[in-house]
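The working numbering numbers the first residue of the sequence shown as 68 and each following residue consecutively. Some notes on the structure that comes next.
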Amino acid sequence: MRVLAICGSTRTNSYNRRLLRLVADAARSAGATVDEVDLRAHAIPFYDGDLEEATGLPVEARWLREQIEASDALLLATPEYNGSLPAVLKNAIDWVSRPIGGGRPGGSFRGRPVLVMSASPGASGGAGALAHLDTLMRRLGANVLETRISLPGVADALDGELSAELKAQVGALGRAVAGASQNA
Ligand SMILES: Cc1cc2nc3c(=O)[nH]c(=O)nc-3n(C[C@H](O)[C@H](O)[C@H](O)COP(=O)(O)O)c2cc1C
Numbered sequence: 068m069r070v071l072a073i074c075g076s077t078r079t080n081s082y083n084r085r086l087l088r089l090v091a092d093a094a095r096s097a098g099a100t101v102d103e104v105d106l107r108a109h110a111i112p113f114y115d116g117d118l119e120e121a122t123g124l125p126v127e128a129r130w131l132r133e134q135i136e137a138s139d140a141l142l143l144a145t146p147e148y149n150g151s152l153p154a155v156l157k158n159a160i161d162w163v164s165r166p167i168g169g170g171r172p173g174g175s176f177r178g179r180p181v182l183v184m185s186a187s188p189g190a191s192g193g194a195g196a197l198a199h200l201d202t203l204m205r206r207l208g209a210n211v212l213e214t215r216i217s218l219p220g221v222a223d224a225l226d227g228e229l230s231a232e233l234k235a236q237v238g239a240l241g242r243a244v245a246g247a248s249q250n251a
């Protein structure tokens, strides 16, 4: 029951990472092992077909793919940048999506349970980015869970005491991803 948590924000005080960690803790309480990937620490070059042809996946992308393959489920948190995913997250997904051994595109995402989440200081809760991430993961053949969160007003929601409603949501998200990793 290993869950891999990836945040699409590299910002030190990222709200999405804070929310991701709350859900990761809830998943641990539900019995899962959760490891977090730091996309800043494992900076992956921009996708380049010539680079791929010359040397295959860059070492950082290969490392990420191995981490994903060693997991039973993924927890993905994305900020919303202009209604969509940040380039750093899309780039990582693009590299990992490359076909393995002549297989179908989708790479390591195919068949893997994925819980998607987004948080934003604005009123949308990053719903646009969440919808794009959902579409992207489905296209790559991932088993995207229906349980998810799009959290508006995240500064108020996370700075200070968490509301009872948010605590309950976080618990449900943690149980959902832990359960999905168990059944994978
Ligand atoms: C380039 C850029 C575009 C953004 N576009 C949106 C947007 O479309 N919708 C939104 O709600 N917030 C938008 N924001 C604000 C982010 O939601 C906000 O910076 C948030 O805190 C980023 O997530 P993080 O705290 O996890 O780093 C944007 C921020 C940046 C830097």
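Where a beta carbon is used, it is the ideal one built from N, C-alpha and C, also for glycine.
DSSP, reduced to helix, strand and coil, places E103 within a strand of the structure shown. Not one heavy atom of ligand 1 is found less than 8 Å from the C-beta of V104. Spanning the alpha carbons of P166 and A137 requires a straight line of approximately 17 Å.
Of all C-beta pairs linking the region 95 to 103 to the region 166 to 181, fewer than three are shorter than 8 Å, placing the two stretches out of contact. In the DSSP annotation of this structure, the continuous segment of the alpha helix (DSSP H) that includes A154 starts and ends at 154 to 163. Sequence-distant Cβ neighbours of I73 in its own chain, meaning closer than 6 Å and more than five residues away, are V104, L143. Counting C-beta atoms within 10 angstroms of its own C-beta, D117 has fewer than 16 neighbours from the protein chains shown and is therefore classed as exposed.
Closest by C-alpha distance to G75, out of A108, A247, G98, is A108. Check the Cα spacing between A196 and each of A154, R85, K234: the tightest is with A154.
In the three-state scheme derived from DSSP, where H, G and I count as helix and E and B as strand, I135 is classed as helix. The residues P219, in chain order, have a CB closer than 7 Å to that of G189 in the same chain once the five nearest residues on each side in sequence are set aside. Distances between the C-beta of S76 and the heavy atoms of ligand 1 include at least one below 8 Å. Per DSSP, the continuous alpha helix (DSSP H) segment holding T122 begins and ends at 116 to 122.
Around the beta carbon of S164, 16 or more other beta carbons sit within 10 angstroms, so the residue counts as buried.
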